[in-house]
Each structure stands twice: as structure tokens, then as C-alpha cells.
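Residues in the sequence shown are numbered consecutively from 1, following our numbering.
All remarks here apply to the structure that follows.
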Amino acid sequence: MNERTLEQRIDEIEQRNQRVENDKAWERSIFRIGFILALTYGFAVLYIWLADTTNPFLGAVVPTVGFLLSVQSLKLVKIVWLKIRNK
């Protein structure tokens, strides 16, 4: 194994370790939890305001769609959060 290959492998390992550290920080971040809560709450308020219903089958849509929206939007929010965190 030559010196260049060894340096490349070390760099790859360091980059992977940084990604793992970032992922752990993101999963534990208060910002992530707050974002999910705010998005779900906002969607629920909007839905209840617009639908004005007590039907449990329609009511079950609120947490389901709120979860879907939070999961789909988290990737973009994570990218922005990581850029700010790693400055």
C-alpha cells in the first residue's frame, strides 16, 4: 500500500466519522424536535380550522399527514442546519 492510498483512506474515514457525528447531533437536536412539533401542530390547527369536524376517520388524517410532511421536509432542514452547525 503506497503513501497516497493510505492518506486517501484516512481522509475517507475522517469524512465518514464527521458524517456519523453530524447525524447523531441532528437526531438529538432540539431544533429537529421543535421543527417536527411546530409543523405537526401548525398542520393540525389549519386542518381543524378548515374542516371543523369531529369525524374520527378524518381526524386521523392530521397526525398522519403531519408526520409525512415532517419526514419529507426534514432532509432539506437538516442540510441547512448542518451548514450552520459546521461553520
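Glycine included, each C-beta is placed from N, C-alpha and C at the ideal position.
DSSP-derived helix/strand/coil call for residue 60: Within the sequence shown, the letter at position 60 stands for residue 60. Looking at residue 60 - three-state DSSP - the assignment turns out to be coil, as it is neither helix nor strand.
Contact belief for residue 31 with residue 81 at Cβ below 8 Å, rounded distance in angstroms: Reading the sequence shown from its first residue, position 31 is the one you call residue 31. Reading the sequence shown from its first residue, position 81 is the one you call residue 81. Taking 8 Å as the upper bound for CB-CB distance, residue 31 and residue 81 are in contact here, some 6 Å apart.
Contact the segment 52 to 68 vs the segment 20 to 35: 3+ CB pairs below 8 Å: Verdict: no, contact absent.
Supposed contact pair residue 40 and residue 73 - C-beta distance, whole angstroms, cut 8 Å: Translated into the one-based positions of the sequence shown, residue 73 becomes position 73. Translated into the one-based positions of the sequence shown, residue 40 becomes position 40. So it is not a contact: roughly 11 Å between Cβ atoms.
7 Å Cβ cutoff met for residue 26 and residue 78: Here residue 26 corresponds to residue number 26 of the sequence shown, with the count starting at 1. Here residue 78 corresponds to residue number 78 of the sequence shown, with the count starting at 1. Yes; because the gap between Cβ atoms is below 7 Å, this pair is in contact.
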